[in-house]
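Numbering (UniProt numbering), first residue to last: 1 to 122.
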């Protein structure tokens, strides 16, 4: 069974705070996520949409996640790509989409000054 299906069941059973996600249509490898802007942040009261694309070898490779909602953030480039270590070299198969969405939500509250995107390249 596709690991994405287990992820979906986990999200439905125990959804992360202020986040939701699920497949677009019948494709279990392509999802849309929603993150509500965290309180006490410049993103408060905002609703942010993201696309999640799972690779065929998920969970051994990280999903590709991009913001589809325009957002101005030092760790997110103009194309919506997110500079977050757990989506790159610090990925672990033990991570879940729920944990990743919470990490992205935390990034909105507390940007990583060491990973500021310069010229939108990373």
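Don't be surprised by glycine CBs; every beta carbon is placed ideally from N, CA and C.
- Per DSSP, residue 20 lies in no alpha helix (DSSP H); the unbroken beta strand (DSSP E) holding it starts and ends at 19-24.
- The beta carbon of residue 5 lies closer than 8 Å to those of 28 in the same chain, with the five residues before and after it left out.
- Residue 67 places its beta carbon 7 Å or farther from that of residue 46.
- Per DSSP, the continuous beta strand (DSSP E) segment holding residue 48 begins and ends at 47-53.
- By the CB criterion at 7 Å, residue 108 and residue 16 fall outside the cutoff.
- Assignment of residue 94 by DSSP, reduced to helix, strand and coil, places it in the coil class.
- Residue 111 places its beta carbon less than 7 Å from that of residue 74.
- Going by beta carbons, residue 63 and residue 52 fall inside the 7 Å limit.
- Remark: C-beta atoms of residue 11 and residue 98 approach each other more closely than 7 Å.
- Of all alpha-carbon atoms in 42, 84, 49 and 61, the one lying nearest the alpha-carbon of residue 70 is that of 49.
- Residue 110 sits in coil when the DSSP states are folded into three classes, being neither helix nor strand.
- Within the same chain, and ignoring the five residues on either side of residue 40 in sequence, the residues whose Cβ sits closer than 8 Å to its Cβ are 109.
- Within the same chain, and ignoring the five residues on either side of residue 44 in sequence, the residues whose Cβ sits closer than 6 Å to its Cβ are 37.
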